[in-house]
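Enquirer: Below you'll find the structure I mean.
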Amino acid sequence: MYESFLIKDIKKFFTMKYMKLGTKPDTFYTEEAVRSVLSDVPADLIIHVNNTKYQLHKFPLLLKCGLLQRLCSDDDGVDGVDAAPVPVALHDIPGGEEAFELCAKFCYGISINIGAGNFVAAALAARFLRMTEAVAKGNLVAKLDSFFDSCILQGWKDPIAALTAAWRISGWSESRIVQPCVDAIVEKILTPPSKVTWSYTYTRPGYAKKAHQSVPKDWWTEDVSELDIDVFRSLLSTVRAARLLPPPLIGEALHVYACKHLPDPLNHAAAAATANGQSSELETAAAKQRRVLETIVTMIPGDAGAVTGRFLLRLLRVASYVGASPSTRAQLVRQAGAQLDEARAVDLLVPMPSSSDPPAYDVGAAEAVLEHFLALFQRPAPPDERRRMSAAMEKVARTFDEYLRAVALHADFPVGKFVDLAECLPDIARNDHDGLYHAIDTYLKEHPELSKADKKRLCRMIDCRKLSPDVRAQAISNDRMPLRTIVQLLFVEQERAMGGGGASGSNSAVAPDAIAMLAARKEKEDEPPAPAADHKSDVHRPRGDHGERARADGAAMTRSLSASTTKTAGAAAPRTAESRGSRMRNKGKVLDEAGDGLVGILLVAALFILLIADGAAALFLLYRPQAPAIAMMAVQLPSFASCNGTVSDFAVTSSAASSSPVQTITVPASAGPSPAAVGAVALQQEQPQQQQQQVAAPPVMEVDSPVTGDEEDGGGFV
615 MYESFLIKDI KKFFTMKYMK LGTKPDTFYT EEAVRSVLSD VPADLIIHVN
665 NTKYQLHKFP LLLKCGLLQR LCSDDDGVDG VDAAPVPVAL HDIPGGEEAF
715 ELCAKFCYGI SINIGAGNFV AAALAARFLR MTEAVAKGNL VAKLDSFFDS
765 CILQGWKDPI AALTAAWRIS GWSESRIVQP CVDAIVEKIL TPPSKVTWSY
815 TYTRPGYAKK AHQSVPKDWW TEDVSELDID VFRSLLSTVR AARLLPPPLI
865 GEALHVYACK HLPDPLNHAA AAATANGQSS ELETAAAKQR RVLETIVTMI
915 PGDAGAVTGR FLLRLLRVAS YVGASPSTRA QLVRQAGAQL DEARAVDLLV
965 PMPSSSDPPA YDVGAAEAVL EHFLALFQRP APPDERRRMS AAMEKVARTF
1015 DEYLRAVALH ADFPVGKFVD LAECLPDIAR NDHDGLYHAI DTYLKEHPEL
1065 SKADKKRLCR MIDCRKLSPD VRAQAISNDR MPLRTIVQLL FVEQERAMGG
1115 GGASGSNSAV APDAIAMLAA RKEKEDEPPA PAADHKSDVH RPRGDHGERA
1165 RADGAAMTRS LSASTTKTAG AAAPRTAESR GSRMRNKGKV LDEAGDGLVG
1215 ILLVAALFIL LIADGAAALF LLYRPQAPAI AMMAVQLPSF ASCNGTVSDF
1265 AVTSSAASSS PVQTITVPAS AGPSPAAVGA VALQQEQPQQ QQQQVAAPPV
1315 MEVDSPVTGD EEDGGGFV
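This note's numbering numbers the first residue of the sequence shown as 615 and each following residue consecutively.
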């Protein structure tokens, strides 16, 4: 009469089940920190549960509770006289005050609702109070067992909630609840998705907006992520042992669990909020996160593609943040290195555990991941695997250049570490240097205090030939680039134009602008010109006021230009690959020898453009103070009189040391249909007084002499 058994299963497949017991209204109330039940009969039983005091009655409680019967058997009234209320302490009852009050209300016949959330506490407290069938028929333990078997184990979310509560209260000790729940969950996970009819949680972005006709294969991953890590590991191990689910599905379950229980160090707001807590709380949270991380790492399947590279790098960030063991970090580095081509630049950012804003990044972790990827790339592999690795290398190169651009934003990042990090990637990995240029340009922009030597050290890594036309044009007009790099870019730009057979007018607008920009930069510089490169040269280069000398010779060049065109029979012999390589090395040597002053470089570039526009090779001799150096350059550089892409060599004869008053250059013309014919240029010397002031030119150096890469700026054209 004190209870009524009623199981309500409304919307069976959409809501969790619950059981309603009793019909009386709730008459429990609290007065002066004492819980009592509204009744005309005075209380004769006082029960203490932790910090709560209950004033109740023996009659309904002793009828259902075998433990209270034994504790109160010696305290009955004597000679019909009512005794004082009997005090009983139940501080060790499972579930605490909430569980005891459920059992007490059941004894009074008050209506209570039992669900998966409070079932475990009620069941453990009922067994503790010995509310079994041996004490009274239809007692609480029997009703709870029936509800557990017929309702909780038959649902999906119900056993998960019961398992969570059981683990929180008693751990693995209550095997009568834990193991049946685990078995029920595993059975439903292994059910084919087409047969899933129960409710589940699935909150992937964009999933709810689509009309889905079938259940996703990973429908179960979000619900099981609510479990404790030890229960989750036991559950997932049982699922893997069945060998019915593919490894990527196991990896997805690990990914969902990690996203729910592990912080992302890149989320600075969350990190700042965490830092405001107490140190003891931070240590407790870090220890729990470290345990979760290390457990997840041990459960990652070894099959290829089981987890993504981005997920592995996220775990590596968390490992650095929570201070995981070296073995855990080493395993993550190996696995992330094997799938580095799947990552993005932001995935490689590993913040230091105690970093400021903006955060400092652990570049050692990214470097270790890259080294492992390169080690795999160098291993022998079949052709198909080699092609796949080559495509992966291209992706990694682009990603790593973007990563360099990200770390370059940090103001305290040293230039030496940046260079070492950029050089970790071999030259063969970069098909183009656009990303590297942008990374270096970002570093120069964020570190304007760099010295010229550091700027040269950075820009020396850029191969001007591997820049796209748009990026090359941008670099030429970039005032953060060293002057030497810009001159190299100009040489490459002109060589590209020549190789494409384009008209000289197509570049006539770009090159003068670049020269004007270089001249403007030279006027702003307060430092003296850099000393000449430390290598020997047979060409005498007169020093002095190069600016005035260039302006005077430019005017004289306009006044005294005379050229006659003659067509020479025969075709120039084609150049070999060795000859072309020798010419390019000699270009770098000429640049070094003209490096005493920027004006000399500007003059060389200006004459270079004039040669393309007019096809008059004799213009080199018009600059008398540097005639030998320019004559040598005319020997080294290809003839630009031909428009069909063929190149002929200049034959140079210098008579400056002889008594003859005339200097002559003979230029054999190309066999191609060149509109400008190359002839002989005869220039009369100036007045005798000026002739005596001229410095005799030494013999022209051999043009095919190799250039070593040991100079400071080292042959940047090759």
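Cβ coordinates follow ideal geometry from the N, Cα and C atoms, glycine included. These numbers were taken from a predicted model, which means no experiment stands behind them.
Beta carbon of Ala1020, beta carbon of Ala959: below 7 Å?
Expert: Numbered from 1 along the sequence shown, position 406 holds the residue referred to as residue 1020. Numbered from 1 along the sequence shown, position 345 holds the residue referred to as residue 959. Against a cut-off of 7 Å, the Cβ pair of Ala959 and Ala1020 comes out as a contact.
Enquirer: If we ignore side chains and look at the alpha-carbon of each, how far apart do Arg1157 and Gln1102 end up?
Expert: Position 543 of the sequence shown, counted from the start, is the residue given in the question as residue 1157. Position 488 of the sequence shown, counted from the start, is the residue given in the question as residue 1102. Because the pLDDT of Arg1157 is 40, which lies under 50, any placement of that residue in the model is unreliable, and the question is left without a value.
Enquirer: Would you identify the three-state DSSP class for Ile726, choosing helix, strand or coil?
Expert: Your numbering for residue 726 matches position 112 in the sequence shown. Correct three-state label for Ile726: strand.
Enquirer: Please state if the CB of Gln669 and the CB of Ser687 are separated by a distance shorter than 7 Å.
Expert: On the sequence shown, residue 687 is found 73 positions in, with the first residue counted as 1. On the sequence shown, residue 669 is found 55 positions in, with the first residue counted as 1. Result no, Cβ atoms of Ser687 and Gln669 do not sit closer than 7 Å.
Enquirer: Mind checking which residues open and close the alpha helix (DSSP H) that includes Met1075?
Expert: Against the sequence shown, residue 1075 aligns to sequence position 461. Note, Met1075: premise wrong, no alpha helix (DSSP H); not H, not E.
Enquirer: Starting from the C-beta of Gln1306, find all residues in its chain whose C-beta is less than 8 Å away, skip the five residues before and the five after it, and write them out in chain order.
Expert: On the sequence shown, residue 1306 is found 692 positions in, with the first residue counted as 1. Unreliable placement is indicated for Gln1306, whose pLDDT of 41 sits below 50; no coordinate value is reported for it.
Enquirer: Who are the Cβ neighbours of Tyr616 in its own chain at under 6 Å, not counting the five residues just before and after it?
Expert: Position 2 of the sequence shown, counting from 1, holds the residue named residue 616. The pLDDT assigned to Tyr616 is 34, lower than 50, so where the model puts this residue is not dependable; a value taken from the coordinates is nonetheless given after this. Answer for Tyr616: Gly723, listed in chain order.
Enquirer: If you run the structure through DSSP and keep just helix, strand and coil, what is Phe1027?
Expert: Reading the sequence shown from its first residue, position 413 is the one you call residue 1027. Here Phe1027 sits in coil by DSSP.
Enquirer: Counting beta carbon pairs with one atom in the region 866-884 and one in the region 782-802, are three or more of them shorter than 8 Å?
Expert: No contact exists between the region 782-802 and the region 866-884.
Enquirer: In the DSSP output, what is Ser650 paired with across the bridge?
Expert: By 1-based counting over the sequence shown, the position of residue 650 is 36. Paired residue(s): Tyr643, Gln669.
Enquirer: Looking at the secondary structure, which residues open and close the alpha helix (DSSP H) in which Ile843 lies?
Expert: If you number the sequence shown from 1, residue 843 lands on position 229. Taken as a continuous stretch (DSSP letters only), the alpha helix (DSSP H) holding Ile843 covers 843-856.
Enquirer: Helix, strand or coil for Ile1090? Go by DSSP, reduced to three states.
Expert: If you number the sequence shown from 1, residue 1090 lands on position 476. In this structure, Ile1090 counts as helix in the three-state DSSP scheme.
Enquirer: Look up Met630 in the DSSP assignment and say whether it is helix, strand or coil.
Expert: The count along the sequence shown starts at 1 and reaches residue 630 at position 16. Coil at Met630, not helix or strand.
Enquirer: In chain order, what residues of the same chain have a beta carbon less than 7 Å from the beta carbon of Ala938, not counting five sequence neighbours either side?
Expert: To locate residue 938, count along the sequence shown from 1; it is residue 324. Correct list, in chain order: Arg904, Leu907, Glu908.
Enquirer: Anyone know if the C-beta pair for Val655 and His671 falls short of 7 Å?
Expert: Residue 655 sits at position 41 when you count from the first residue of the sequence shown. Residue 671 sits at position 57 when you count from the first residue of the sequence shown. Closer than 7 Å, so yes.
Enquirer: Kindly indicate the opening and closing residues of the alpha helix (DSSP H) around Leu659.
Expert: The count along the sequence shown starts at 1 and reaches residue 659 at position 45. Counting along the chain, Leu659 falls outside any alpha helix (DSSP H), though it belongs to the beta strand (DSSP E) covering 659-663.
Enquirer: Which residues in the same chain have their Cβ closer than 8 Å to the Cβ of Ala780, if we skip the five residues on either side of it in sequence?
Expert: To locate residue 780, count along the sequence shown from 1; it is residue 166. Answer for Ala780: Val734, Glu788, Ile791, Val792, Cys795, listed in chain order.
Enquirer: Just how far apart, CA to CA, sit Asp763 and Ile726?
Expert: Working through the sequence shown from its first residue, we reach residue 763 at position 149. Working through the sequence shown from its first residue, we reach residue 726 at position 112. Straight-line Cα distance between these residues: approximately 19 Å.
Enquirer: Under DSSP, the alpha helix (DSSP H) around Ala703 begins and ends at which residues?
Expert: Counting from 1 along the sequence shown, the entry for residue 703 is found at position 89. Element bounds for Ala703: not the alpha helix (DSSP H) but the beta strand (DSSP E), 700-703.
Enquirer: Would you say the region 1036-1044 touches the region 1000-1013, given that touching needs at least three Cβ pairs under 8 Å?
Expert: Touching, yes.
Enquirer: Roughly how far, in whole angstroms, is the beta-carbon of Leu1050 from the beta-carbon of Asp1093, given that I think they are within contact range, below 8 Å?
Expert: If you number the sequence shown from 1, residue 1050 lands on position 436. If you number the sequence shown from 1, residue 1093 lands on position 479. Contact doesn't hold; Cβ gap of about 19 Å is too wide.
Enquirer: By Cβ distance, which residues of its chain are closer than 7 Å to Val964, with the 5 residues on each side in sequence left out?
Expert: Counted from its first residue, the sequence shown places residue 964 at position 350. Cβ neighbours of Val964 beyond the five flanking positions: Leu930, Arg931, Ser934, Tyr975, Asp976, Ala979, Ala980.
Enquirer: Just curious, the alpha helix (DSSP H) that Trp781 is in, first and last residue?
Expert: Working through the sequence shown from its first residue, we reach residue 781 at position 167. 771-784 is the extent of the alpha helix (DSSP H) around Trp781.
Enquirer: Can you tell me whether Asp706 is buried or exposed, with buried defined as 16 or more other CB within 10 angstroms of its CB?
Expert: Translated into the one-based positions of the sequence shown, residue 706 becomes position 92. Exposed, because fewer than 16 other Cβ atoms sit within 10 Å of the Cβ of Asp706.
Enquirer: Taking the continuous alpha helix (DSSP H) assigned at Gly923, which residues delimit it?
Expert: The residue labelled residue 923 in the question sits at position 309 within the sequence shown. Run containing Gly923: 923-936, per the alpha helix (DSSP H) assignment.
Enquirer: Do you know whose CA, among Arg1086, Val663, Glu1037, lies nearest Leu988's CA?
Expert: Your numbering for residue 988 matches position 374 in the sequence shown. Looking at the Cα atoms, Glu1037 is the closest of the given residues.
Enquirer: Taking Leu685 and Leu743 to be in contact with their CB atoms under 8 Å, please state how far apart those CB atoms are, rounded to whole angstroms.
Expert: For the purposes of this step, residue 685 is taken as the residue at position 71 of the sequence shown. For the purposes of this step, residue 743 is taken as the residue at position 129 of the sequence shown. Leu685 to Leu743, Cβ: 10 Å. No contact.
Enquirer: Let me confirm a value: Gln992 is counted as buried when at least 16 other C-beta atoms fall within 10 Å, else exposed. Which label applies?
Expert: Here residue 992 refers to the residue found at position 378 when the sequence shown is read from its first residue. With fewer than 16 other Cβ atoms within 10 Å, it is exposed.
Enquirer: Just verifying my parser: in three-state terms, what is the DSSP assignment at Ala814?
Expert: On the sequence shown, position 200 is the one that residue 814 refers to. With the sequence shown as reference, residue 814 is identified as Tyr, and Ala is not the correct amino acid for it. Tyr814 falls in the coil class under three-state DSSP.
Enquirer: Taking its Cβ as the centre, do 16 or more other Cβ atoms sit within 10 Å of Phe673, making it buried, or is it exposed?
Expert: Here residue 673 refers to the residue found at position 59 of the sequence shown. By the 10 Å Cβ count, Phe673 comes out exposed.
Enquirer: How many angstroms separate the CA atom of Ile843 from the CA atom of Leu738?
Expert: Taking the first residue of the sequence shown as position 1, residue 843 is located at position 229. Taking the first residue of the sequence shown as position 1, residue 738 is located at position 124. Cα-Cα distance, rounded: 23 Å.
Enquirer: Could you say which of Trp770, Phe1032, Leu849, Ile1076 lies nearest to Trp812 if we only look at CA atoms?
Expert: If you number the sequence shown from 1, residue 812 lands on position 198. Nearest of Trp770, Phe1032, Leu849, Ile1076 to Trp812, Cα basis: Trp770.
Enquirer: Comparing C-alpha positions only, which one of Phe761, Asp1084, Leu652 sits nearest to Pro719?
Expert: For the purposes of this step, residue 719 is taken as residue 105 along the sequence shown, with counting starting at 1. The sequence as given places Lys at residue 719; Pro does not occur at that position. The candidate whose alpha carbon is nearest that of Lys719 is Leu652.
Enquirer: Residues in its own chain within less than 6 Å of Ile910 by CB, not counting five upstream and five downstream?
Expert: Against the sequence shown, residue 910 aligns to sequence position 296. Cβ neighbours of Ile910 beyond the five flanking positions: Leu868, Ala872.
Enquirer: Nearest to Gln945 by CA position, among Arg741, Ser893, Met913, is which residue?
Expert: Translated into positions along the sequence shown, residue 945 becomes position 331. With distances taken between Cα atoms, Gln945 lies closest to Met913.
Enquirer: Whole angstroms is fine: what's the gap from Lys1066's alpha carbon to Gln1108's?
Expert: On the sequence shown, residue 1066 is found 452 positions in, with the first residue counted as 1. On the sequence shown, residue 1108 is found 494 positions in, with the first residue counted as 1. So the alpha carbons of these two residues sit roughly 26 Å apart.
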